[in-house]
Amino acid sequence: MATKCKSKTCNPGGPGGGGAGAGGADGVSPEVVAGCQELVLNDDHMKQYMKNFLDNVKRGLGKATNPTAIVKCFPTYVQDLPNGTEEGKILALDLGGSNFRVLLVELGGGECKMDSKIYQIPQSIMVGPGTELFDFIAECLADYATVKGVLDEVLPLGFTFSFPLVQVGLTKGILERWTKGFNCDGVIGQDVVQLLEEAIARRNDVKIDVTAVLNDTTGTLMSCAWKNKDCKIGLILGTGTNACYLEDQANAELFDAPDMGSGKVIINLESGAFGDDGALDFCRVEYDEIIDKRSINPGKQKHEKMISGMYLGDIVRLAALRFTKQGVMFGGKASDLLETDDRFETRYVSEIESDPPGTYTNVKNICQELGLSHATEQDFKDLRYICECVSKRAAYLCAAMLATLMNKMGEKKVVVGIDGTLYKNHPHIHDWMVEKITQLVDPSIKFELMTSEDGSGRGAALVAAVAYRVKKEQGGGAPPAAEAPAEAEEAPAEEGGEEAPAEEAPAEEG
4 MATKCKSKTC NPGGPGGGGA GAGGADGVSP EVVAGCQELV LNDDHMKQYM
54 KNFLDNVKRG LGKATNPTAI VKCFPTYVQD LPNGTEEGKI LALDLGGSNF
104 RVLLVELGGG ECKMDSKIYQ IPQSIMVGPG TELFDFIAEC LADYATVKGV
154 LDEVLPLGFT FSFPLVQVGL TKGILERWTK GFNCDGVIGQ DVVQLLEEAI
204 ARRNDVKIDV TAVLNDTTGT LMSCAWKNKD CKIGLILGTG TNACYLEDQA
254 NAELFDAPDM GSGKVIINLE SGAFGDDGAL DFCRVEYDEI IDKRSINPGK
304 QKHEKMISGM YLGDIVRLAA LRFTKQGVMF GGKASDLLET DDRFETRYVS
354 EIESDPPGTY TNVKNICQEL GLSHATEQDF KDLRYICECV SKRAAYLCAA
404 MLATLMNKMG EKKVVVGIDG TLYKNHPHIH DWMVEKITQL VDPSIKFELM
454 TSEDGSGRGA ALVAAVAYRV KKEQGGGAPP AAEAPAEAEE APAEEGGEEA
504 PAEEAPAEEG
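Each residue of the sequence shown is one higher than the one before, starting from 4 at the first, in the numbering used here.
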């Protein structure tokens with residue numbers, strides 16, 4: 004039913020399901036095992052989660068209920084997936100942090116070739132007037148187009164804008180709020196596509212047709228759909244988290260555009276907000292409350308705070324600190340760094356769980372880095388078990404969300420495209436998700452978890468390319484033809500296509 008592990012170590016089990024990672028509860032202090040039981044999700048938790056999440060999705064899809072819904076289910080206005088016939092040169096912009104990318108994607112003969120350049124956005128522009136930001140983006144676009152020799156060509160452009168965006172059309176998105184250190188005046192409440200087009204017009208040298216604006220979650224789905232036609236769910240599991248999926252237009256009551264023929268539309272769930280109304284209180288613990296209360300957005304993004312890379316490390320730190328103060332770990336002696344908020348990075352969790360069974364190289368080094376050089380082998384076992392409990396809880400919550408979506412969609416086969424540093428770097432999350440989805444999904448549904456490569460870049464170009472293909476099929480124009488690239492990726496597989504190596508590292512997701 005499920006995909007192979009794709010080079011990740013297969014070791015299902017662990018807290019709440021047998022041995023986790025490098026040993027589960029074997030040799031762990033009984034006090035730590037007992038204290039971590041609140042982090043273990045049982046079958047009743049899973050059933051309650053799936054019921055609550057489905058109720059929230061239905062509320063978000065309904066026109067009458069959406070205004071008060073927590074899971075907003077925004078239509079992206081992307082109605083079709085790549086089918087391998089897309090052709091031409093496509094530009095893409097990827098704005099999701101201080102590193103901004105411009106890409107040129109060439110499609111032809113069912114193949115895809117990418118080139119990109121990274122531009123660093125100065126801090127002064129990140130917090131200055133919005134016109135300066137978009138003028139800078141237009142300047143970078145002109146620079147790249149000049150270098151690539153396409154300045155005089157009228158090219159379609161896909162714009163990945165990975166900030167909270169309310170889309171009201173495929174080429175219209177209203178910025179809800181800034182995140183990630185940006186605070187440009189005059190942009191919130193405005194259409195970011197219009198601001199980009201105005202900046203391009205002020206230059207009078209770049210010939211661009213902005214064909215689509217999207218977030219990185221939609222790009223992830225589209226990037227994987229290029230490789231596998233069965234990809235119908237996209238998931239970001241990194242610093243932040245979000246999901247999208249392909250829904251029937253008849254169920255998406257906020258969708259008000261003409262049907263371009265597919266009868267489908269990608270829905271941006273904004274799933275990180277699930278639980279903001281209390282729907283997750285049945286499985287939240289004191290650590291979650293502490294994380295939430297001292298965050299920059301108390302009461303918001305509660306689902307994200309239980310599963311994303313921004314928070315998992317600190318949940319582990321809070322648990323370890325509690326056991327230390329109880330005298331169970333580290334001889335009852337904490338370090339200053341262990342008592343410091345956000346000092347236990349989530350990458351430590353992945354590194355600790357990457358130690359082979361019976362070895363403690365990574366956890367020992369991390370304890371020394373945290374000023375815990377007095378840690379014993381027992382402390383290493385206990386800390387690793389805490390990491391396993393926290394990360395497995397995150398994996399199971401993601402699995403329950405994905406299984407709920409698969410059951411709702413009712414497709415015979417569903418591929419999930421996944422991007423994000425937590426998913427890619429953690430040695431066991433993939434396998435735990437496969438294990439739990441297998442238990443929760445309708446047995447008649449086959450599924451696969453597929454690693455996305457550069458959803459924010461290639462995905463943006465593919466959204467633009469699909470829009471042009473549909474326009475061409477209906478009698479409109481098409482992007483300039485591209486010669487078949489010499490070194491290209493394979494065409495989308497009919498079933499179970501493998502992902503290609505990443506061409507460029509995407510901007511940090513959030």
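Beta carbons: idealized from backbone N, C-alpha and C, even for Gly.
These figures come from a predicted structure and were not determined experimentally.
| Check | Outcome |
| --- | --- |
| Going by DSSP, name the residue or residues bridged to Arg104. | Asp97, Ile121 |
| Check whether the Cβ atoms of Leu375 and Phe347 lie closer than 8 Å to each other. | no |
| Nearest CA to the CA of Phe164: which residue from Gly237, Thr220, Pro261? | Thr220 |
| Given a threshold of 16 other Cβ atoms within 10 Å of its Cβ, counted over all protein chains shown, does Ala398 qualify as buried or as exposed? | buried |
| Use the C-beta contact count for Asn207: other C-beta atoms within 10 angstroms, 16 or more gives buried, fewer gives exposed. | exposed |
| From the DSSP output, read off the bridge partner residues of Gly237. | Cys247, Gly420 |
| Quickly, what does DSSP pair Phe164 with across the bridge? List them, please. | Leu98 |
| Residues in its own chain within less than 7 Å of Gly316 by CB, not counting five upstream and five downstream? | Phe347, Glu348, Thr349, Tyr351, Val352 |
| Under DSSP, the beta strand (DSSP E) around Val216 begins and ends at which residues? | 211 to 217 |
| Kindly indicate the opening and closing residues of the beta strand (DSSP E) around Ile269. | 267 to 271 |
| Please state the DSSP three-state secondary structure of Leu465. | helix |
| Please list the terminal residues of the continuous beta strand (DSSP E) segment that includes Leu452. | 449 to 454 |
| Taking Cβ positions, are Glu200 and Val213 nearer each other than 8 Å? | yes |
| Residues in its own chain within less than 7 Å of Pro446 by CB, not counting five upstream and five downstream? | none |
| Count the other CB atoms, across all protein chains shown, that sit within 10 Å of the CB of Leu223; report buried if there are 16 or more and exposed otherwise. | Note that residue 223 is Thr in the sequence shown here, rather than Leu. Label assigned to Thr223: buried. |
| Which of helix, strand or coil does DSSP assign to Val196? | helix |
| Express the C-alpha separation of Met225 and Gln170 in angstroms, rounding to a whole number. | 17 Å |
| Could you tell me which residues DSSP pairs with Gln442 in its beta bridges? | In the DSSP output, where bridge partners are listed per residue, Gln442 has none listed. |
| Relative to the C-alpha of Leu341, which candidate in Val319, Ser357, Glu356 has its C-alpha closest? | Val319 |
| Can you list, in chain order, the residues of its chain whose CB lies under 7 Å from that of Gly131, leaving out five sequence neighbours each side? | Cys187 |
| Is Cys187 helix, strand or coil when you go by DSSP? | coil |
| Compare the beta carbon distance of Gly514 and Thr242 with 8 Å and say whether it is the shorter of the two. | Residue 514 is absent from the model: the chain starts at 4 and stops at 513. |
| Where does Gly26 fall in DSSP's three states? | Only weak support exists for where Gly26 lies, its pLDDT of 46 falling under 50; the value from the coordinates is given anyway. If DSSP states are grouped into helix, strand and coil, Gly26 belongs with coil. |
| Leu178 by DSSP, collapsed to three states: which one? | strand |
| Buried or exposed: which applies to Ile432, given that a residue is buried once 16 or more other Cβ atoms fall within 10 Å of its Cβ? | buried |
| Would you tell me roughly how many angstroms separate the C-alpha atoms of Lys475 and Ala95, rounded to the nearest one? | 20 Å |
| Suppose contacts are defined by Cβ-Cβ distances below 8 Å. Is Val417 in contact with Phe383 by that definition? | no |
| Using the DSSP secondary-structure output, state which residues sit across from Gln170 in a beta bridge. | Gly176 |
| Leaving out five residues on either side along the sequence, give the residues of the same chain with a beta carbon under 7 Å from the beta carbon of Met409. | Val417, Val444, Ile448, Phe450 |
| Please go through the stretch 353 to 418 and give each complete alpha helix (DSSP H) segment of 4 or more residues, from N-terminal end onward. | 364 to 372, 380 to 412 |
| How many Å lie between Ala253 and Lys175 at the Cα? | 22 Å |
| Can you tell me whether Glu114 is helix, strand or coil according to DSSP? | strand |
| When DSSP builds the beta bridges, which residues end up paired with Lys92? | Glu109 |
| Who are the near neighbours of Leu452 in its chain, counting only those whose CB is closer than 7 Å to its CB and skipping five residues on each side? | Thr6, Val419, Ile421, His433, Met436, Val437 |
| Is it the case that the Cβ atoms of Lys120 and Tyr147 are separated by a distance below 8 Å? | yes |
| For Pro70, name the three-state secondary structure that DSSP assigns. | helix |
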